[in-house]
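**Q** Protein chains in written order, with this note's numbering: chain A, 178 to 308; chain B, 178 to 308.
The C-beta atom is built at its ideal place from N, Cα and C for all residues, glycine as well.
None of these values were measured; they are calculated from a predicted model.
Encoded as structure tokens, here's the structure I'll be asking about.
There are 2 protein chains.
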Amino acid sequence: MLISEFARATDLPIDTIRFYITKGLLKPERSAKGGSNPYQVFKQEDVTAARMIRLQQTLGYSLGEILALNEEYRAGEHSSERTVEVLQVQIARLEEKKAALDAALSFLRGKVDWIRAGKPDDAPRIQDYHC
Amino acid sequence: MLISEFARATDLPIDTIRFYITKGLLKPERSAKGGSNPYQVFKQEDVTAARMIRLQQTLGYSLGEILALNEEYRAGEHSSERTVEVLQVQIARLEEKKAALDAALSFLRGKVDWIRAGKPDDAPRIQDYHC
DNA sequence: TATAGGTATGGGGTATAGTCCACGGTCAAG
DNA sequence: CTTGACCGTGGACTATACCCCATACCTATA
Chain A
178 MLISEFARAT
188 DLPIDTIRFY
198 ITKGLLKPER
208 SAKGGSNPYQ
218 VFKQEDVTAA
228 RMIRLQQTLG
238 YSLGEILALN
248 EEYRAGEHSS
258 ERTVEVLQVQ
268 IARLEEKKAA
278 LDAALSFLRG
288 KVDWIRAGKP
298 DDAPRIQDYH
308 C
Chain B
178 MLISEFARAT
188 DLPIDTIRFY
198 ITKGLLKPER
208 SAKGGSNPYQ
218 VFKQEDVTAA
228 RMIRLQQTLG
238 YSLGEILALN
248 EEYRAGEHSS
258 ERTVEVLQVQ
268 IARLEEKKAA
278 LDAALSFLRG
288 KVDWIRAGKP
298 DDAPRIQDYH
308 C
């Protein structure tokens, strides 16, 4: 798969793909073609990687953090013990984010209930969410 | 409350507070003191606002989006009908984020289970999460 | 009234995450 | 063998969210 097809498969702009390559987030192989600047060849595996990057981004990770996570993951790939450890650290981080999100949701829902009931005294206070 | 005390109360750097003011996210009043550059005076209400900004940031909103959300909120403050509407839009957005987060969590948990069970065929596929 | 310390403004610099463009090389169809 | 579409590289540029500094002014305390 060449870069334009990869762009269609991942729904990413070509420039963004090249940017991710310079950052080390994607490491396509080089084909024999292309002369002094060999063409980059992408596998289905790279499509999965790109999708994972996007998912991690929506969860609030920076590209630097994503790179670190993925390298950490690859480093432990030989040992299933280590892989599980890495995954569980990631799960723990996501659960923290989920807790913050739940706090915000219950804050907003409480506010709706309070308005509908017309009870200002039960108003939820943002102060209670130390984030 | 002057800016240094406000900085302590919100645990924000003074420069960040001034930055938020230039962006319109905080609108402190001006005291009579300070001569040609009157001092900015913060209320408890502003502490709440700052905390809300930080909460919204952890949920992935940009300062521009936060400004829009807050102005939308203030615009409907006179009508409880409208306030509830605005709140429910925000709740819906957060629920989307929560769904993405839950998808990621079940993906990672599925992967852990799969490794522990040693069943590569049941491996969860990132392809299933179109984000 | 001298002075230490707090304040406002403006401008410059940084990191992140792209986005755009011009260049020159390459490939494949006709 | 020409032509149009594609490829890689390098550099310039943008927007966001700060961070830091110099300057000048103001206040409270001794």
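#1: With DSSP as the reference, please indicate the residues paired to B/E182 in a beta bridge.
#2: Indicate the three-state DSSP secondary structure (helix, strand or coil) for A/E206 in the structure shown.
#3: Let me confirm a value: B/T199 is counted as buried when at least 16 other C-beta atoms fall within 10 Å, else exposed. Which label applies?
#4: Pairing CB atoms from the region 235 to 244 of chain B with CB atoms from the region 259 to 269 of chain A, are three or more of them under 8 Å?
#5: For the pair the region 217 to 228 of chain A and the region 194 to 209 of chain A, tell me if three or more CB-CB distances fall below 8 Å.
#6: Could one say the Cβ of A/D279 lies closer than 9 Å to chain B's Cβ atoms, at least one of them?
#7: Is there at least one Cβ from chain A nearer than 9 Å to B/L271's Cβ?
#8: Hey, quick one: how far does the alpha helix (DSSP H) through A/L240 stretch, first residue to last?
#9: Which residues of the region 239 to 267 of chain A have a Cβ closer than 8 Å to any Cβ of chain B? Give them in chain order.
#10: Taking 9 Å as the threshold (beta carbon to beta carbon), is A/R185 in contact with chain B?
#11: Give a single yes or no on whether A/G212 has its beta carbon closer than 8 Å to a heavy atom of the ligand FAD.
#12: By the 10 Å Cβ neighbour count, where 16 or more other Cβ atoms means buried, how is A/T193 classified, buried or exposed?
#13: Spatial neighbours of B/S257 within its chain, please: C-beta separation below 7 Å, excluding the five flanking residues on both sides.
#14: Find the residues of chain A that neighbour B/K296, judging by a C-beta separation of less than 7 Å, and give them in chain order.
#15: Less than 9 Å between CB atoms is the rule here; does B/Q233 satisfy it with respect to chain A?
#16: For A/A271, which residues of its own chain have a beta-carbon under 8 Å away from its beta-carbon, when the five flanking residues on both sides are left out?
#17: Could you tell me the boundaries of the alpha helix (DSSP H) in which B/L271 lies?
#18: Considering only the alpha carbon of each residue, which of A/S283, A/F196, A/V289 lies closest to B/V261?
#19: Checking contacts by CB at 9 Å: is B/V289 closer than that to chain A?
**A** Put simply:
#1: Per DSSP, none; premise fails for B/E182.
#2: strand
#3: exposed
#4: no
#5: yes
#6: yes
#7: At least one chain A Cβ lies under 9 Å of B/L271.
#8: 240 to 252
#9: S257, T260, V261, L264, Q265, Q267
#10: no
#11: With respect to the ligand FAD, the structure shown offers nothing to examine, as it has no ligands at all.
#12: exposed
#13: none
#14: Listed along chain A, no residue sits closer than 7 Å to B/K296 by beta-carbon distance, the nearest being about 12 Å off.
#15: Chain A, which has a Cβ nearer than 9 Å to the Cβ of B/Q233, makes this yes.
#16: It should be noted that the sequence gives Leu, not Ala, for residue 271 of chain A. L236, listed in sequence order.
#17: That run of the alpha helix (DSSP H) goes 257 to 294.
#18: A/V289
#19: Closer than 9 Å: yes.
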